[in-house]
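Peer 1:
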Amino acid sequence: MHVFILVALVLPVTALRPSAPRTTYTRRSADAITFPQRDFIGDLGARYQQLVKDHYVPMACLQAAVLAGGADIATQTLEHAQALDWSHVGAMSTVASTMSGGANAVWLRMLEEQYPGRETDAIFKKTMIHAVILASIINSAYLAGVPALTDIYSSGLPITEGVEGWTLPEFVTLTKLEVCMFIPYNTLAFSFVPPRVRPLTHAMVSATFNVAVSAVTLGYWDAWVRGAAHVAHLN
């Protein structure tokens, strides 16, 4: 009985209490909601853009070194190497940092200054100059520099004893890969990628190319080609 009396007294009070305004969510209010993850990614992107703006060449060197070193580790892992050849990893990172990273970043900036814009004529000139001249220099640096630096890092041999890595067949192999990969990439990059970001995108594409460079300089390439041909024959 007392319970019914208590309920009868409480219900009128709660009924007279003003209700909170009803919240309606619109598209604008949903867009205003911030998520920590989005803020973190946006802040990280802004910091990276600032670093590239303030340290264009050093960032290009760092990006190329990290990606090339990772590509070389991946190549050795694919071959089930019993122990990683860290001297070779260091040599790949060194050549990539100086040539694919720093030198290439400077060359890309010079090409953009010499042939600015996104007209077809300017894109064609920049793409062909990079493919014919700059790529040949970079590929030669890999073929000659990686074996030399590997010897230096592993045993301290003088550089004159390690420059036997450049051979015409290997140079032709890398040039064919370069043409297949970087002419399409550069055509798109010179058309759509902002100049400041090109060293990063170039380093990311080069990481795939560096797997082939590592295979050539480590002596795996011919076995890979024979294996691919055997698989293609079976199919």
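In terms of my numbering, the sequence shown opens at residue 248 and continues consecutively.
Idealized CB from N, CA, C, for every residue including glycine.
By a C-beta neighbour count over all protein chains shown, 10 Å radius and 16 as the cutoff for buried, is K423 buried or exposed?
Peer 2: Result: exposed.
Peer 1: Hey, quick one: how far does the alpha helix (DSSP H) through G316 stretch, first residue to last?
Peer 2: Y303 to L325
Peer 1: Kindly indicate which residue of A343, Y295, A436 and G392 has the alpha-carbon position closest to the one of F456.
Peer 2: A343
Peer 1: What's the C-alpha gap between L481 and G474?
Peer 2: The alpha-carbon atoms of L481 and G474 are separated by roughly 11 Å.
Peer 1: Excluding the 5 residues flanking E425 on each side, which residues of the same chain have their C-beta closer than 8 Å to its C-beta?
Peer 2: A378, A382, N386 and F456
Peer 1: Have a look at M339, W333 and V353 and flag the residue whose alpha-carbon is nearest the alpha-carbon of S401.
Peer 2: W333
Peer 1: What do you get for M375, buried or exposed, if any count of 16 or more other CB atoms within 10 angstroms of its CB means buried?
Peer 2: exposed
Peer 1: Looking only at its own chain, which residues have a Cβ that is under 7 Å from the Cβ of L331, when we skip the five neighbours before and after it?
Peer 2: I320 and Q323
Peer 1: Is the number of C-beta pairs between the region 357 to 367 and the region 414 to 422 that are closer than 8 Å three or more?
Peer 2: no
Peer 1: Hey, R445 and A436 are a contact pair by Cβ (cut 8 Å); roughly how many whole angstroms apart?
Peer 2: 6 Å
Peer 1: Shortest alpha-carbon distance to Q297 belongs to which of T345, S461 and R443?
Peer 2: R443
Peer 1: Can you tell which of E326, A338, Y303 and F287 has the C-alpha that lies nearest to the C-alpha of L314?
Peer 2: A338
Peer 1: Keeping to the same chain, check which residues put their C-beta closer than 7 Å to that of V205; ignore five residues upstream and five downstream.
Peer 2: In the structure displayed, the chain extends from 248 to 482; residue 205 sits before or after that span and is not available.
Peer 1: Output the boundary residues of the alpha helix (DSSP H) element that contains H335.
Peer 2: W333 to V342
Peer 1: Taking just the CA atoms, how far does D286 sit from W471?
Peer 2: Near 44 Å, if we compare the C-alpha coordinates of D286 and W471.
Peer 1: I think A311 touches S347, with their Cβ atoms under 8 Å apart; what is that distance to the nearest whole Å?
Peer 2: In this structure A311 touches S347 by the C-beta definition: roughly 5 Å separates them, less than 8 Å.
Peer 1: Could you check if L465 is buried or exposed, using at least 16 other CB atoms within 10 Å of its CB as the buried criterion?
Peer 2: buried
Peer 1: On the premise that V336 lies in contact with G316, defined as a C-beta separation below 8 Å, what is that separation, rounded to the nearest angstrom?
Peer 2: Right, their Cβ atoms sit about 5 Å apart.
Peer 1: Using only alpha-carbon positions, find the residue among A307, G292, L325 and A293 that is nearest to W468.
Peer 2: L325
Peer 1: Which value, in whole angstroms, describes the spacing of the CA atoms of E484 and T414?
Peer 2: With the chain covering 248 to 482 only, the question about residue 484 has no answer from this structure.
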